[in-house]
Amino acid sequence: MEKMARVTTALGGNTLTGRTMYCHLDAPANAISVCRDAAQVVVAGRNIFKIYAIEEEQFVEKLNLRVGRKPSLNFSCADVVWHQMDENLLATAATNGVVVTWNLGKPSRNKQDQLFTEHKRTVNKVCFHPTEAYMLLSGSQDGYMKCFDLRKKDSVSTFSGQSESVRDVQFSIRDYFTFAATFENGNVQLWDIRRPDRYERMFTAHNGPVFCCDWHPEDRGWLATGGRDKMVKVWDMNTNRAKEIYCVQSIASVARVKWRPECKHHLATCSMMVDHNIYVWDVRRPYIPSAMFEEHRDVTTGIVWRHLHDPYFLLSGSKDSTLYQHIFKDASQPIERANPEGLCYGLFGDLAFAAKESLVTSDSNRKPYPGDRRHPIFFKRKLDPTEQFESVSSSALSVFETEPDSSSMGWFVDTARRYALAGRSLAELCDHNAKVAKELSRNQVAQTWTMLRIIYCSPGTVPSANLNHSIGKGSASLPLMNSFNLKDMASGMGSEARLDRSKGENRSENILLDSSTTLITNDENEETEGSDVPADYLLGDVEGDEDELYLMDHENAHTEEPEYVLPQEAFPLRHEIVDNPSGPDHLQDKADSPHVSGNEAETVSLTPVESFSLISISHTLSESRLPPDFFSTLVRDMLRFYAEQGDVQMAVSVLIVLGERIRKEIDEQTQEHWYTSYIDLLQRFRLWNISNQVIKLSTCRAITCLNQASTTLHVNCSNCKRPMSNKGWICDRCRQCASTCAVCHHVVKGLFVWCQGCSHGGHLQHILKWLESSTHCPAGCGHLCEYT
Amino acid sequence: MFWAIEVGQVVQANTVDERTNLLVEEYSTSGRLDNITQVMSLHAQYLESFLRSQFYMLRMDGPLPLPYRHYIAIMAAARHQCSYLINMHVDEFLKTGGIAEWLNGLEYVPQRLKNLNEINKLLAHRPWLITKDHIQKLVKTGENNWSLPELVHAVVLLAHYHALASFVFGSGINPERDPDTSNGFRLISINNFCVCDLANDNNIENASLSSNFGIVDSLSELEALMERMKRLQEDREDEEASQEEMTTRFEKEKKESLFVVSRAFDDDIISTSDVSRYIEDPGFGYKDFARRGEEHLPTFRAQDYTWENHGFSLVNRLYSDIGHLLDEKFRMVYNLTYNTMATHEDVDTTMLRRALFNYVHCMFGIRYDDYDYGEVNQLLERSLKVYIKTVTCYPERTTKRMYDSYWRQFKHSEKVHVNLLLMEARMQAELLYALRAITRHLT
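Residue numbers (this note's numbering), protein chains in the order written: chain A, 1 to 788; chain B, 1001 to 1443.
Here it is as structure tokens:
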């Protein structure tokens, strides 16, 4: 607290000085109010009613108004207000419905002056007229507002809101006769004090109770309201209809709102629940508070600016039984901690990124990406002279476009459409999907499917057709090795990496040989993707009969093994990769690149782990066939790998196809994450049916729920245009069949297509036919219907 | 023990059409029309918001898995041995994929659900004992902890089903006899009686019977009540009770509620094993708030923690949208009126409704500063108080005699209205205590 600022403001004669300070109250406060001279503050609550003098270093208790031995409910205050004209005059609203005035000038200890017991329910708010000495207004839970003349014993007039409980009443500061009242049902009413029979205006300001309102101290037409819906709205009342000009979204219900003196666009708010902070907002910047006071440990119940013309001192009372004086200099400014950066994906994989200009420029200067196709666009923000936030003066927006060639996600769409995920035996599904992948030249994926089939289906069932089918997949095993090294390459292609890699290759060879299922010579390599690394070096020599190879003749495989370790051929090839100037960089770039990687070159790969396990297969296979469970960790890693590479499609498809076989291996959250990503992608490409199928097939509870949300379809009758409440085809309002076909005039049962403009429609076929020849609506309503 | 209510009675305000639509809709969404729905359909406006909130908390997106929700409902209903609700939710529980083993009793459920038992017990019988420690115990990180949204969801369900049990017993609702024949349409349109109770043939015509009995009595009773209401309304301004007197009145009402149920019930502690297996400590029951004796519990000041200001925001924050639904329901039940009292029309029943609502809260130790509890004394006759206390505090002990013995001139629909008020007041009271504890835990 030592560092806390000390502020002195000169205000025409009297000077305000002070620091951030607080004092303990004996009980929680419900409301506070300040004396006109800004030297005293009154705190009221259920069990407290005291006046404190605000001194330079501390609050000093000056007077306890709660006198008498027996505690009376009249002292249990919901609100308190200090008259701004007469510094001896106070009014409180009691929770039992009594309005009490207090005269500090009284010589006796009991300062209670008058007691108005007219309200039937709790009085929520009292308010003195800003210029008239004797006029007091109250608003109560019973729905009435009453105006009292303090020279009389009873109220002068009663205003009935005709709606629910009154939450706040405030006299307009400039219009002598006007006051605003806010209600529990979300309405705000404006009244003329001379006309108690009817309000002048009413509008709905919030959804749910409007807890508070405050007239702008300078601008006569502005009224700020705060509600339970967590919003603060600023209304311009000058026009015929109240117009919402600003809206601030807070994080909790807004209990109090107070315009900041001398700052046209600032206001302070506090909340009734959960959030204990006091925020000062610039209404033009509704998403982040310009200042924040975080001292209170429980909800803040009352806030008031210390002086009418001083914007730097704020007083607050809280349920935590403290009274605070906040100094603006000590406020925390969330803006300084905020991260003014934004990131967004476009439909086609473009990525936009906005950040402070300084941040972006320095960054791009340091590291220009040659292969990167981004177009930085810089926006200079026009500076508003009244604007106080200089910190963010300009920002930059960068858009990263996907490469034209890879931007076509055709493979993704095709794959999604053609994959079979259910309805057949596992072997068939795998075969089918492998075929699909193959046809789309995604060899590694095809390979994976085939492997899955082999792992999970007994070998006897492998049809011979599959054998041929798996020809050519050998090529996919090459990028496999590539990818094995992906990481090493990224980390700088040390010689060690090469060594590792060569090991890896050797291993892979072993796999290919031993498992002997994928070991097939391949001449199409050059055409397949990922074939920038020629594949045949490995298997080029294999002249072996396919059938023989497939026979799982392990002996044979083992004997052949040494022959296929061909280091000499392997090395130059690897070298080729290294020498490729764009190689590692390119790959690295891609890894960072934002678009969904659809490029086989980057994504097709397998994890080292897999190659490992495959080796172990080779060893054990010779003894006996392994249960599929044995591979589940391996398959899991494979799925993880695909997902990490951005090919979540593969991960999800395999997950669905394998179902129970693999599900337990992967935790729910990851699965859910994959599903949502895949579904999101599918929906971006408008593959609604497929996304629906995926949702349906998923075993993830959170995902299957998606299909159960908002399943209601509301239909309006096409005749009377009112909602159809009834089931069936007859509108119960106009007693006609609602969904008749506009062409054939029969009731449509089944597919019904209708124009969203005129709501006419009918049988899909009929409408299609009609619109071939005509552009107008078949019902003759004159609407130009369009079928797309 | 059970009795029937004629659903076919003159239905005020709402047209038959509207009601039928509502029932049809409910039937088509839930595939059944239970007796609760049918009895409530006497008040179609209310039924709509009731069903909406119940549907939301049971079937819509929420923090808790579906079988959990039904199991919690079972636990709640079991506190009052309400086998009707239990059976209903056992079915639902199994339908939503609940593990059948859990139905063997609390020992078979996960520790996490079991931990809810304490709060269920307190909430059902002595909600004022709930403190933030209970909340902390449930949410403190650990293997079986509850997240706050889950806890709020559970609390809402518990409160809902405790209160609903009150309604079920209060209205004497019986199980539908046979799930296959309880085709809603047939039931309403053909027999015009709620199936509630064709099984117990002795009580269909009871209402008229008892009113014949003491028709003079009950007539004058009604007149007297009207008279008192009128006087209270007029006298308000004149008679200004002192503060102390107001407090005394509250205390008196509280104390009096002690003696309201004079009969000793100790003999009929029901321990039917099929129900009690869902609860622990079955002997724990309502203990009068006023009789707290040694432990001094402060009165809950309604103004310090209201549903509108505080409860709503908290509930809505942690379990989105339920706040709005409950808010609408509370508002609906509080403002529901047809401006009739038995045979009289154009009566402002605000006072009576408020007295009922506040009396229930009074028994749970919630006090309104701005309410004169003398009114309760004037408006609610003793037999009604007995009924209220039984229905809200020990619903399982409600008897038809109690139901019949108050307001003999009033229609069934009006008595159902009373039950609705009692149910919602009870639910709100439980929620207020639970939410206050959660708020305290948060601060």
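The C-beta atom is built at its ideal place from N, Cα and C for all residues, glycine as well.
Q: With 7 Å as the threshold, decide whether the Cβ of ARG121/A is near any Cβ in chain B.
A: Stepping through the first sequence from its first residue, residue 121/A is reached at position 121. ARG121/A counts as touching chain B.
Q: Could you tell me if ASN74/A is buried or exposed, where buried requires 16 or more neighbouring beta carbons within 10 angstroms of its beta carbon?
A: In the first sequence, residue 74/A corresponds to position 74, counting from 1. Buried, since its Cβ has 16 or more Cβ neighbours within 10 Å.
Q: Per DSSP, which residues does GLN249/A bridge with? Please list them.
A: The residue you call residue 249/A lines up with position 249 of the first sequence. Paired residues: MET231/A.
**Q.** Extent of the continuous alpha helix (DSSP H) run through TRP798/A
**A.** Nothing in the structure corresponds to residue 798/A, since chain A is present only between 1 and 788.
Q. Where does MET1332/B fall in DSSP's three states?
A. The residue given as residue 1332/B occupies position 332 in the second sequence. Helix, per DSSP.
Q: Could you work out which residue in GLU786/A, ARG121/A, THR239/A, ARG228/A is closest to GLN249/A when comparing CA atoms only?
A: Within the first sequence, the letter at position 249 stands for residue 249/A. When only C-alpha atoms are compared, the closest one is ARG228/A.
Q. If we call anything under 7 Å between Cβ atoms a contact, is HIS783/A one with GLY757/A?
A. Taking the first residue of the first sequence as 1, we reach residue 783/A at position 783. Taking the first residue of the first sequence as 1, we reach residue 757/A at position 757. For HIS783/A and GLY757/A, yes; Cβs fall inside 7 Å.
Q.
Based on DSSP bridge pairs, tell me the residues matched to SER138/A.
A. On the first sequence, position 138 is the one that residue 138/A refers to. DSSP lists VAL126/A, LYS146/A as partners of SER138/A.
Q | Same chain, Cβ closer than 8 Å to ARG46/A, neighbours up to 5 away in sequence not counted | A | Along the first sequence, one-based indexing puts residue 46/A at 46. The answer, listed in chain order, is ALA27, PRO28, ASN30, SER76, CYS77, THR95.
Q.
Quick check: does the Cβ of ARG1228/B come within less than 6 Å of any heavy atom belonging to the ligand NAP?
A. No copy of the ligand NAP appears in this structure; indeed no ligand is present at all.
Q: Buried or exposed for PRO107/A, please, with buried defined as at least 16 other CB atoms from any protein chain shown within 10 angstroms of its CB.
A: As a position in the first sequence, residue 107/A is number 107, starting the count at 1. Answer is exposed; the Cβ neighbour count stays below 16.
**Q.** Residue of LEU1106/B, VAL1155/B, MET1229/B, ARG1231/B minimising C-alpha distance to SER1276/B
**A.** As a working note, residue 1276/B is residue 276 in the second sequence. Considering only alpha carbons, the answer is LEU1106/B.
(Q) I'd like the list of long-range same chain contacts for ILE656/A, defined as Cβ closer than 6 Å, with 5 residues on each side in sequence excluded. (A) Locating residue 656/A in the first sequence gives position 656, counting from the first residue. Excluding sequence neighbours, ILE656/A sits near LEU421, LEU697.
(Q) Less than 6 Å between C-beta atoms, sequence neighbours within five positions excluded: which residues of the same chain meet that for HIS375/A? (A) Numbered from 1 along the first sequence, position 375 holds the residue referred to as residue 375/A. At HIS375/A, the pLDDT of 49 sits below 50, so the modelled position is not reliable; the number obtained from the coordinates is stated separately. Closer than 6 Å at Cβ, skipping near neighbours: VAL399.
**Q.** Counted within 10 angstroms of its Cβ, other Cβ atoms place PHE177/A as buried (16 or more) or exposed
**A.** Locating residue 177/A in the first sequence gives position 177, counting from the first residue. When all chains shown are included, PHE177/A counts as exposed.
Q.
With a threshold of 8 Å, are at least 3 pairs of Cβ atoms found where one atom belongs to the region 1348 to 1365 of chain B and the other to the region 1082 to 1090 of chain B?
A. no
Q) Nearest chain C C-beta to ASP414/A closer than 7 Å, yes or no? A) The chain inventory of the structure shown lacks chain C, comprising the protein chains A and B.
Q) DSSP state of ASP1372/B, grouped into three classes? A) Taking the second sequence and counting its residues from 1, the one referred to as residue 1372/B is at position 372. Correct three-state label for ASP1372/B: coil.
Q: Ignore the nearest five residues each way along the sequence and tell me which others in VAL60/A's own chain have a CB closer than 7 Å to its CB.
A: One-based indexing of the first sequence puts residue 60/A at position 60. Excluding positions up to five away in sequence, the list reads TYR52, ALA53.
Q. Grouping DSSP H, G and I as helix and E and B as strand, with all else coil, what is ILE48/A?
A. Position 48 of the first sequence, counting from 1, holds the residue named residue 48/A. Three-state DSSP puts ILE48/A in coil, outside helix and strand.
**Q.** Residues that GLY762/A bridges to, as DSSP identifies them
**A.** As a working mapping, residue 762/A is identified with position 762 in the first sequence. Looking at the DSSP assignment, GLY762/A forms a beta bridge with VAL753/A.
Q | Span separating the alpha-carbon of THR300/A from that of SER318/A | A | For the purposes of this step, residue 300/A is taken as the residue at position 300 of the first sequence. For the purposes of this step, residue 318/A is taken as the residue at position 318 of the first sequence. Each residue's Cα considered, the two are about 4 Å apart.
Q) Over what stretch of residues does the alpha helix (DSSP H) that includes ARG220/A continue unbroken? A) Locating residue 220/A in the first sequence gives position 220, counting from the first residue. Note, ARG220/A: premise wrong, no alpha helix (DSSP H); not H, not E.
Q.
Taking 8 Å as the cut-off, does the region 1324 to 1340 of chain B touch the region 1432 to 1439 of chain B (at least 3 CB pairs, one atom from each stretch)?
A. no
Q.
Counting only beta-carbon separations shorter than 7 Å, does MET272/A have a partner in chain B?
A. Translated into the one-based positions of the first sequence, residue 272/A becomes position 272. Closer than 7 Å: yes.
(Q) Give me, in chain order, the residues of the same chain whose beta-carbon lies closer than 6 Å to that of ARG366/A; leave out the 5 immediate sequence neighbours on both sides. (A) The residue given as residue 366/A occupies position 366 in the first sequence. Summary for ARG366/A: the model assigns pLDDT 45, below 50, so the residue's position carries little reliability; its value from the coordinates is reported in the next sentence. Same-chain partners within the cutoff: there are none.
Q | Proximal chain A residues relative to ARG1301/B, where beta-carbon distance stays under 9 Å | A | By 1-based counting over the second sequence, the position of residue 1301/B is 301. Ordered by position in chain A, the residues that pass the 9 Å Cβ test against ARG1301/B are ARG46, SER76, THR95.
Q: Measure how close the beta-carbons of VAL67/A and THR92/A come, nearest whole angstrom, since I'm counting them as under 8 Å.
A: Within the first sequence, numbered from 1, the residue matching residue 67/A stands at position 67. Within the first sequence, numbered from 1, the residue matching residue 92/A stands at position 92. No, VAL67/A and THR92/A are not in contact; Cβ-Cβ is about 14 Å, not under 8 Å.
(Q) Can you tell me whether TYR1278/B is helix, strand or coil according to DSSP? (A) As a first step, residue 1278/B is located in the second sequence; it is residue number 278 there, counting from the start. Of the three classes helix, strand and coil, the one that applies to TYR1278/B here is coil, per DSSP.
Q.
Below 8 Å on C-beta distance, what does CYS705/A contact in chain B?
A. As a first step, residue 705/A must be located in the first sequence, where it is residue number 705. Chain B residues near CYS705/A: ASP1061.
Q: On a CA-only basis, which of PRO217/A, VAL232/A, PRO627/A is nearest ALA224/A? Give me that one, please.
A: The count along the first sequence starts at 1 and reaches residue 224/A at position 224. When each option's Cα is compared against that of ALA224/A, the closest is VAL232/A.
Q: Please report how far the alpha carbon of GLU55/A lies from the alpha carbon of PRO311/A, in whole angstroms.
A: As a first step, residue 55/A must be located in the first sequence, where it is residue number 55. As a first step, residue 311/A must be located in the first sequence, where it is residue number 311. Answer to the nearest angstrom: the Cα atoms are 18 Å apart.
Q) According to DSSP, what are the bridge partners of MET21/A? A) Translated into positions along the first sequence, residue 21/A becomes position 21. MET21/A is bridged to GLN325/A.
Q. With distances taken between CB atoms, is the gap from PRO196/A to SER140/A smaller than 7 Å?
A. Translated into the one-based positions of the first sequence, residue 196/A becomes position 196. Translated into the one-based positions of the first sequence, residue 140/A becomes position 140. Their beta carbons are not under 7 Å apart, which means PRO196/A does not touch SER140/A by this criterion.
Q | Extent of the continuous beta strand (DSSP E) run through THR191/A | A | Translated into positions along the first sequence, residue 191/A becomes position 191. Correcting the residue type first, residue 191/A is Trp in the shown sequence and not Thr. Segment 187 to 192, the beta strand (DSSP E) holding TRP191/A.
(Q) For GLU1048/B, report the span of its alpha helix (DSSP H) as first-last. (A) Indexing the second sequence from 1 puts residue 1048/B at position 48. Counting along the chain, the alpha helix (DSSP H) containing GLU1048/B begins and ends at 1044 to 1059.
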